[in-house]
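> Before we start, here is the structure in question, set down as structure tokens.
Protein chains in written order, with my numbering: chain Z, -15 to 342; chain R, -15 to 342; chain G, -15 to 342; chain L, -15 to 342.
So, in structure tokens, the structure goes:
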């Protein structure tokens, strides 16, 4: 059959799925309910695309090994960049609701309760596939309250099942841990500063780097060295358990060492794509943060201090989530541990050979 | 039944409508075809919303009279602004395709032919409801070539039928023609410049204004007076028929007089909403122009100088459409006929009474 | 003298004001310091424009009375909209810094200390002219610490002096308080619900409206009635002083009554511009909120958890400011007190006459 | 001296450079002239930054060789990306003028003549440094008409001098020509299709690729093969001189071969940065095109069909420039010559060794 635009896109279904409740017999039609439905449907279409890209990324990470000499890393980067462009669009899209006044919203709001955007399964799956776990979720108890704005049992089970599978955080952590350029044998001739006194004698590079970092701290920043020791060297020192869990949350010290090394030497050819992947994921978190920020503003504008249709506390709920749902915080936090580029140690030849072209 | 997000939005249908042809047995799956489908579906959702708003605007204009003392004009403005916000988003949305390289597109492009975005019935209906007619359409002959990228007979008939109904241009023209503030009896005491020599002795205000406009023209601009005479006073003078049809296309001289008057005295309370409506429609045209501009760039990036899947000349087709499909050109063109605000004639009391609050 | 672009714009000065410290003899040139200087200068140019618009708005409000039959309100609206467009641009502009990596920043960061963006006098004046007062400022003590990142004595005095002058909040409050449509004599024949039992017997309209509002509250929202009583009727009831100061901060109950009335009946011609002014100011706050949100993200990306060059706590400082520096919160909060449009009381003729055209 | 924000940014000069002509004694102050000045100054600040980045890129290309094993390519890419982000911002910035109505502009427009944005030397230098030459400029004769809106002799000389220096087009062409991976000796064992009949027997890879390309053309596209032959193989065939100069404008066939090869095999690690550079420059052109498109719309909105202050034909001038001033058209046009990825020839080992890590 000759492809035809309308059929190819299944527009009968797409354009036949808008039935405002306020248009039903017995209700007073609220013109703006159509916008409310369509904007949410557009969100869900894009959520499907994001999930499709996340699955595509996962499929590459699931291969036995990502070979730096293939296109694997390039494709992963392209897909994260696409996710980010979509998130950027979604952050613009919310502003179409600025053309709906709070009074317009009130005219159909009560008909929807207790349904609400909280119940978007796809959004929860995006969070889960990125790396959020139920115990980290703000007000996780809400998720189960089926008839009061939570999920059905089936949907709740779906979210939990996806949370059990390896997330992008896990994949990324493994990928970083496997990076070969920190293998000690490559560093045997690396001259380390004799005066270094790392808390635990570890790797020649980190011995040296720790010293340089300590020197870079000004008088107000001295306590950052303890953070460095815990996050990168896994040396707990005097830190309490709570401080530790706050300092490093999802990634291992080994993985964070690799990430920091890539950030420091990002301009070597081999690291350019890896660096862009790390940078793009920090941007993903940023964009999700902006999404929550814009949502808080929009909800506050619509309903002020009232209760959300899903019986959450509306804007208050979103503020809580905005604080807790950062996923790649460990990666973003590595900026704390940089030193000036011109003070970076030169790399030994054995390492350089790994980072350059034959 | 308790409303539930998934059911309310009919997500079974929305999220079950993506079947990439390249994923079918016998083809090689092209990852990016999913994006291609979803972005077009998102466009179509928003087109539906734009059509819904245009119908809502039409319904108000179809009332016997729009009463300036009711909310009618305010609601029309709100809806045009919403359409503009959507168009603005759609112009951003096209950039998500920047994450698909031309090579990625090639891997499924041939499977789609001769289907193409040209065949979007809803987009054609938007153009038609705004005011575009088949005879103005670029390469109108394409529309009928069913099996080579044109429309089915049914869809072609739908587009034509909608073109017969009064468009927004017609509604707006009628609304402007009915404006009462240019009724001659309100202007009887208006002192006109004795030296004015309008080609046809018309209305006291325009006699005076024409003189002021002529004085404002510099030596390079003298020929604009003939344009003024034809566009606003319907005086053809020495202009050829072709020049006339180029100068004023869709609106009558009477309507354009009202529009120019509103633009000149826009700050009077009565005119604030009317002015915003005119300004917003000029913006609508601008946004559709940007849409075409972005499309040309995107298509050129994707397929260079090749033929479009719909057998149009691709970017070349779009350039032609970009030149011809302006709809509110007559309104935008009124900027040519402004004079400095401080030289504007003061309005007679009888007119002022119409423009202010009791 | 014939105007020439270069001279008209004083480009000798504009383009001759960039002297990176790292380019000075003895330092190592940091390519990215140029960007750092120019982006801040571009911000300051736009801050000047915002201040110019705020002064223009103030000049209109300072006239003995704003006449609804003149262009005053229209011009105020145009200027607020311009400020908002500028703020929107500034929120985009910050992302140009995404092209500077943290390592790039580190290479000149120490040369700037203790100077920092905290010290932008113009930004503080914008806050002051909008309505922020020193006692509301987050970490106000920082402002005075001249040699550790605070302001010079002269600049500190300038900020304080501007805070003494009537701010936009004050102007707006006065303008709202003077609105004539709530004068009781216009409402004498207004039939009020006999069953209403307002805590203090006030105005016929609010007696009725309070009843309608109470009916609209669901079981989780009952406590909102006490908020309504305090914010709009100035009836404190059982609320603590702290709760009161949290509920209504800068505007008087009389002014908020007028604002809510305008929001409710916004589609009447007289209210269309007033409503847009209120809505635009809520948007101003929103945009300043986004500015702070984007700044937090940018600073966190650049320096992680380190101390800011101005010895503030960097991102931590900005988070505090983001919570406290809302200016038109009272107006935004009125969404809490809306009821459905179809339940709104019809207005008495005496009031209607004030809202419509002669 | 302790750095202080105000001094570091030289704000005395930056904020002391706005003197609207309409504010001078004898004129009527036009509020909006301030905006007009400041927006142009902001543009010029950003133009300075773009020129600074272009010079930085040039400095790298001027080194004896760009070593793929250093950070050179990465830094070039970072700077082009920065230029693009700035251009993107500038395209947003123009919309701030939407808050100035044509009537507002008219109140100071005549005071500025014949000065106009046409006279921005920095913008002309950007075009020149990218690669535009005077003979390609639309209405080049205008540039010299000093007292009628053109440049002073000094400025005209500056523009011409910069045009003589190697532009980014030249640098890029040389860099592409030097790429080693198409050296014939690497391809000796490459099996070519015996049936290939290239017009001139050239390189084994292109012999094969030309055949694959010919096979990919559908019945409407057969004439593209002649374009391929001229653009990539430098074989003129039956093409007229005019067709040739239209087909390939600034780059040599050798450079375009390298560029197409990079585009085809972009996912190999060595090519990832090179590909991003090519893609970013096509985006630069696109953004400059959007700049002109937005400018046309803005000018048309402001002055309709009147003559520009610089005595150009206003919007008409800009349309001409929009057609002619594309700089990297040759690169963008390579999309015409792609084939499906799965049909790409596998690369010989000798070539692969060049593209991968040791």
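Glycine is no exception: its CB is placed at the ideal position from the N, C-alpha and C atoms.
Tell me, please, whether the stretch 129 to 145 of chain G touches the stretch 215 to 223 of chain G by the rule of three or more beta-carbon pairs shorter than 8 Å.
Taking 8 Å as the limit for Cβ pairs, the verdict is that the stretch 215 to 223 of chain G does not touch the stretch 129 to 145 of chain G.
> Against chain Z, with Cβ distances strictly below 8 Å, would residue 256 of chain L count as a contact?
As a position in the fourth chain, residue 256 of chain L is number 272, starting the count at 1. Yes, contact with chain Z.
> For a quick check, are the C-beta atoms of residue 164 of chain L and residue 338 of chain L less than 8 Å apart?
Residue mapping note: residue 164 of chain L aligns to position 180 of the fourth chain, counting from 1. Residue mapping note: residue 338 of chain L aligns to position 354 of the fourth chain, counting from 1. Their beta carbons are under 8 Å apart, which means residue 164 of chain L touches residue 338 of chain L by this criterion.
> Looking at the unbroken alpha helix (DSSP H) that takes in residue 282 of chain R, where does it start and where does it end?
As a first step, residue 282 of chain R is located in the second chain; it is residue number 298 there, counting from the start. Looking at the DSSP string, the run of the alpha helix (DSSP H) that includes residue 282 of chain R is 253 to 287.
> Within 8 Å (strictly less), CB to CB, does residue 324 of chain G reach chain Z?
Within the third chain, the letter at position 340 stands for residue 324 of chain G. Chain Z, which has a Cβ nearer than 8 Å to the Cβ of residue 324 of chain G, makes this yes.
> With respect to the alpha helix (DSSP H) encompassing residue 215 of chain R, which residues constitute its N-terminal and C-terminal limits?
Translated into the one-based positions of the second chain, residue 215 of chain R becomes position 231. 208 to 217 is the extent of the alpha helix (DSSP H) around residue 215 of chain R.
> In whole angstroms, what is the alpha-carbon distance linking residue 82 of chain G and residue 97 of chain L?
The residue given as residue 82 of chain G occupies position 98 in the third chain. The residue given as residue 97 of chain L occupies position 113 in the fourth chain. Looking at the two C-alpha atoms, the distance is approximately 39 Å.
> By the 10 Å Cβ neighbour count, where 16 or more other Cβ atoms means buried, how is residue 108 of chain R classified, buried or exposed?
Numbered from its first residue, the second chain carries residue 108 of chain R at position 124. It is buried - the Cβ of residue 108 of chain R has at least 16 other Cβ atoms within 10 Å.
> I want to see whether chain Z comes within less than 8 Å of residue 260 of chain R, judged by CB atoms only; does it?
Indexing the second chain from 1 puts residue 260 of chain R at position 276. No, because no Cβ of chain Z sits closer than 8 Å to the Cβ of residue 260 of chain R.
> Could you spell out where the alpha helix (DSSP H) holding residue 197 of chain Z opens and where it closes?
On the first chain, residue 197 of chain Z is found 213 positions in, with the first residue counted as 1. Where residue 197 of chain Z is concerned, the enclosing alpha helix (DSSP H) stretches over 188 to 200.
> Tell me whether residue 139 of chain G sits in a helix, a strand or coil according to DSSP, three-state version.
As a first step, residue 139 of chain G is located in the third chain; it is residue number 155 there, counting from the start. Looking at residue 139 of chain G - three-state DSSP - the assignment turns out to be helix.
> I'd like to know if the stretch 223 to 237 of chain L and the stretch 245 to 252 of chain L are in contact, where contact means that at least 3 CB-CB pairs between them fall below 8 Å.
No, the stretch 223 to 237 of chain L is not in contact with the stretch 245 to 252 of chain L.
> Starting from the beta carbon of residue 284 of chain L, find every residue of chain R whose beta carbon is closer than 7 Å, and list them in chain order.
As a first step, residue 284 of chain L is located in the fourth chain; it is residue number 300 there, counting from the start. 316, listed in chain order.
> Using a Cβ-Cβ distance cut-off of 8 Å, determine whether residue 319 of chain L contacts chain R.
To locate residue 319 of chain L, count along the fourth chain from 1; it is residue 335. Taking Cβ atoms only, chain R reaches closer than 8 Å to residue 319 of chain L, which makes this a yes.
> My output table needs one value for residue 16 of chain R: the three-state DSSP class, helix, strand or coil.
Taking the second chain and counting its residues from 1, the one referred to as residue 16 of chain R is at position 32. DSSP places residue 16 of chain R in coil when its eight states are reduced to three.
> Does the distance from the C-beta atom of residue 18 of chain L to that of residue 259 of chain G stay below 8 Å?
Here residue 18 of chain L refers to the residue found at position 34 when the fourth chain is read from its first residue. Here residue 259 of chain G refers to the residue found at position 275 when the third chain is read from its first residue. No, they are not a contact pair.
> In the structure shown, what three-state DSSP assignment does residue 222 of chain L receive?
The residue given as residue 222 of chain L occupies position 238 in the fourth chain. Coil.
> Check distances from the C-beta atoms of the stretch 79 to 104 of chain Z to those of chain G and list, in chain order, the residues that come in under 7 Å.
Answer set for the stretch 79 to 104 of chain Z: 86, 87, 90 and 91.
> Leaving out the 5 sequence neighbours to the left and right, which residues in its chain are closer than 8 Å to residue 80 of chain G when beta-carbon positions are compared?
Mapped onto the third chain, residue 80 of chain G falls at position 96. Answer for residue 80 of chain G: 19 and 23, listed in chain order.
> Would you report the Cα separation of residue 274 of chain L and residue 277 of chain R, rounded to the nearest angstrom?
Position 290 of the fourth chain, counting from 1, holds the residue named residue 274 of chain L. Position 293 of the second chain, counting from 1, holds the residue named residue 277 of chain R. Near 8 Å, if we compare the C-alpha coordinates of residue 277 of chain R and residue 274 of chain L.
> For residue 21 of chain L and residue 92 of chain L, I'd like the C-alpha separation in whole angstroms.
Indexing the fourth chain from 1 puts residue 21 of chain L at position 37. Indexing the fourth chain from 1 puts residue 92 of chain L at position 108. Roughly 12 Å between the two C-alpha positions.
> In chain Z, which residues lie less than 8 Å from residue 30 of chain R when you measure between Cβ atoms?
As a working mapping, residue 30 of chain R is identified with position 46 in the second chain. What residue 30 of chain R touches in chain Z: 22 and 26.
> Please list the segments of the alpha helix (DSSP H) lying wholly inside the stretch 30 to 93 of chain L, counting only runs of 4 or more residues, in order along the chain.
Within the stretch 30 to 93 of chain L, the complete alpha helix (DSSP H) runs of at least 4 residues are 56 to 77.
> Quick check on residue 116 of chain L: does DSSP put it in helix, strand or coil?
Position 132 of the fourth chain, counted from the first residue, corresponds to residue 116 of chain L. Three-state result, residue 116 of chain L: coil.
> Taking the Cβ atom as the reference point for each residue, do residue 235 of chain L and residue 157 of chain L lie within a distance shorter than 8 Å?
Taking the first residue of the fourth chain as position 1, residue 235 of chain L is located at position 251. Taking the first residue of the fourth chain as position 1, residue 157 of chain L is located at position 173. The answer is yes: Cβ separation under 8 Å.
> May I ask which residues mark the beginning and end of the alpha helix (DSSP H) holding residue 162 of chain L?
For this step, residue 162 of chain L is matched to residue 178 along the fourth chain. Run containing residue 162 of chain L: 152 to 162, per the alpha helix (DSSP H) assignment.
> From residue 69 of chain L to residue 78 of chain G, what distance separates their C-alpha atoms?
Stepping through the fourth chain from its first residue, residue 69 of chain L is reached at position 85. Stepping through the third chain from its first residue, residue 78 of chain G is reached at position 94. Spanning the two alpha carbons is a distance of roughly 11 Å.
> Residue -6 of chain G to residue 331 of chain L, Cα distance in whole Å?
Sequence index remark: in the third chain, residue -6 of chain G carries index 10 (1-based). Sequence index remark: in the fourth chain, residue 331 of chain L carries index 347 (1-based). Looking at the two C-alpha atoms, the distance is approximately 58 Å.
> Grouping DSSP H, G and I as helix and E and B as strand, with all else coil, what is residue 146 of chain L?
Counting from 1 along the fourth chain, the entry for residue 146 of chain L is found at position 162. Of the three classes helix, strand and coil, the one that applies to residue 146 of chain L here is helix, per DSSP.
> On the premise that residue -11 of chain Z lies in contact with residue 6 of chain R, defined as a C-beta separation below 8 Å, what is that separation, rounded to the nearest angstrom?
Residue 6 of chain R sits at position 22 when you count from the first residue of the second chain. Residue -11 of chain Z sits at position 5 when you count from the first residue of the first chain. With a Cβ gap of about 17 Å, residue 6 of chain R and residue -11 of chain Z do not count as contacting.
> Using the beta-carbon of each residue, which ones in chain L are nearer than 9 Å to residue 329 of chain Z?
Taking the first residue of the first chain as position 1, residue 329 of chain Z is located at position 345. The premise fails here: residue 329 of chain Z is roughly 16 Å from chain L at the closest Cβ pair, so nothing lies under 9 Å.
> Please check if any C-beta of chain R sits within less than 8 Å of the C-beta of residue 164 of chain G.
Here the question's residue 164 of chain G lines up with position 180 in the third chain. So, not an interface residue.
> Anything in the stretch 1 to 17 of chain R with a Cβ closer than 8 Å to a Cβ of chain A? List those residues in chain order, please.
Looking for chain A here will not work: the only protein chains present are Z, R, G and L.
> In whole angstroms, give me the CA-to-CA distance for residue 313 of chain L and residue 166 of chain L.
Numbered from its first residue, the fourth chain carries residue 313 of chain L at position 329. Numbered from its first residue, the fourth chain carries residue 166 of chain L at position 182. Answer to the nearest angstrom: the Cα atoms are 23 Å apart.
> Can you name the residues of chain L whose CB is closer than 8 Å to the CB of residue -13 of chain G?
Against the third chain, residue -13 of chain G aligns to sequence position 3. Neighbours of residue -13 of chain G on chain L, chain order: 5, 95, 96, 97, 98 and 99.
> Could you tell me whether the Cβ atoms of residue 171 of chain Z and residue 283 of chain Z are closer together than 8 Å?
For the purposes of this step, residue 171 of chain Z is taken as the residue at position 187 of the first chain. For the purposes of this step, residue 283 of chain Z is taken as the residue at position 299 of the first chain. Not in contact: residue 171 of chain Z and residue 283 of chain Z (Cβ atoms no closer than 8 Å).
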